[in-house]
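Read through the structure below, which is laid out as structure tokens, and then see the notes.
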Amino acid sequence: MKKSYRVAPEIKEQIINRIKNEGVSVSVAASEHEKEMIRTSVLPNSELVPYANLSRSSLYYQPKQPIKDWSLKCRIEEVLREHPSYGHKRLALALKRNKKAVIRAMKLFGIKPYRRRARKPFKINKPSDCCYPNLLLVSCPFYENHIWASDFTYIPFKGKFVYLATIFDLFTRKVKGLSVLTNHSVQLTANALLSALIHNPRPAIFHSDNGTEYDAKDFRTILENVGSLISRSKPGCPWENGYQESFYSQFKVDLGDPNRF
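Its first residue numbered 1, the sequence shown is counted upward by one per residue in our numbering.
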């Protein structure tokens, strides 16, 4: 059964009056908001759409590019699991795709290949009680609050570090919640999650890395209680949570020197 929309009749009047009085063709000049008003009119589309010089099918058109981008992202991540150091040129060869398309997808989803850095003391993490798959390999965000991703970063401030954790909506690409503390612990990530849940519906999927701040029982309990599925990046694959990495990279550029405050 088709979904039935019902809104105030004045919406229909606004569109028809603008078309008749101003001579504007909605198919050319209308905003997405105006097209949405046509979609949700109380009159059938067969009666209203001719005034707007639109075909009925155009009102329900769904762009395919986001799905294609997501599919390419998943294929890039598959190649990077076998060859973590591949850049866009070798990825394009491996995928038999134009390198411009590969570069576009990598920028869009914040995917960066592994780059060797100075060695740090090796730390052995305590094995997790639970192992969670990366659900983003098979799930694409289709609506707001469908998939949230989270990570935290540090900001040097007056000789100390301040830690910022954020909750990022993969569909709207907006921050839903955040937390700032002088230490990184489960309290940092839990506060960010709770700040997002206070003002938004719970996400269907919550994605993060395998850090102890996200693997803590208290944090997992919050997600289990609200009914969100837990998704995790594979250890050693930072690009699988590249959305937040990309966000923090740009955030620090925009922030500039925090010591000026």
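In this text, a Cβ means the ideal position worked out from N, Cα and C, and glycines have one as well.
Fair warning: this is a prediction, and the values are worked out from it, not measured in the lab.
Residue-chain proximity (residue i, chain B), Cβ-Cβ < 8 angstroms
i	result
VAL79	Chain labels in this structure do not include chain B; a single protein chain is all it has.
Three-state secondary structure (DSSP) of residue i
i	result
THR189	helix
LEU170	coil
ASP254	helix
ASN241	helix
VAL24	For VAL24, the predicted model reports a pLDDT of 46, less than 50, meaning its position is unreliable and no value from the coordinates is stated.
ALA85	The identity of residue 85 in the sequence shown is Ser, whereas the question assumes Ala. SER85 falls in the coil class under three-state DSSP.
ARG97	coil
ILE111	coil
SER266	No information on residue 266 is available, as it lies outside the stretch 1 to 261 that the chain covers here.
PHE247	helix
PRO133	coil
ALA30	For ALA30, the predicted structure reports a pLDDT of 48, less than 50, and the residue's modelled location is therefore unreliable. A value from the coordinates is still provided. Looking at ALA30 - three-state DSSP - the assignment turns out to be coil, as it is neither helix nor strand.
PRO156	strand
SER233	coil
ILE124	The predicted model places ILE124 with a pLDDT of 47, which falls under 50 and marks its position as unreliable, so this point remains unresolved.
Buried versus exposed, by CB contacts within 10 Å (16 or more), residue i
i	result
ILE67	exposed
ILE124	In this predicted model, ILE124 has a pLDDT of only 47, less than 50, meaning its place in the structure is not dependable enough to derive any value.
THR266	Outside the modelled stretch of the chain, which goes from 1 to 261, sits residue 266, for which no answer is possible.
ILE111	buried
HIS83	exposed
ASP257	exposed
TYR154	exposed
ARG260	exposed
LEU193	buried
TYR243	buried
ILE147	buried
Nearest residue (CA-CA) to residue i, options the options
i	options	result
TYR132	ILE205, GLY256, ARG173, GLU144	ILE205
ILE167	PHE152, PHE157, GLU78, GLY236	PHE152
ILE230	SER249, ARG202, LYS89	ARG202
ALA196	ARG260, TRP70, ALA92, GLY177	GLY177
PRO235	PHE247, VAL175, LEU80, PRO258	LEU80
LEU170	TYR86, GLY256, GLU240	GLU240
THR172	PHE157, PRO113, PHE109, ALA216	PHE109
GLY211	SER150, LEU91, PRO156, ALA94	SER150
GLU78	SER233, SER246, ASP254	SER233
ASP215	HIS199, CYS237, VAL186	VAL186
Query raised in the report: Should the stretch 130-144 be regarded as contacting the stretch 100-114, the criterion being three or more beta carbon pairs within less than 8 angstroms?
Result: no
Report task. Jot down the residue ranges of each uninterrupted alpha helix (DSSP H) in the stretch 192-230, minimum 4 residues, whole runs only, in chain order. Result -> 212-215, 217-226
Report task. Spell out a yes or no on whether the stretch 174-189 and the stretch 156-164 are touching, meaning 3 or more CB-CB pairs, one atom from each, closer than 8 angstroms. Result -> yes
Query - Any 3 or more C-beta pairs closer than 8 angstroms across the stretch 244-251 and the stretch 218-232 - result: no
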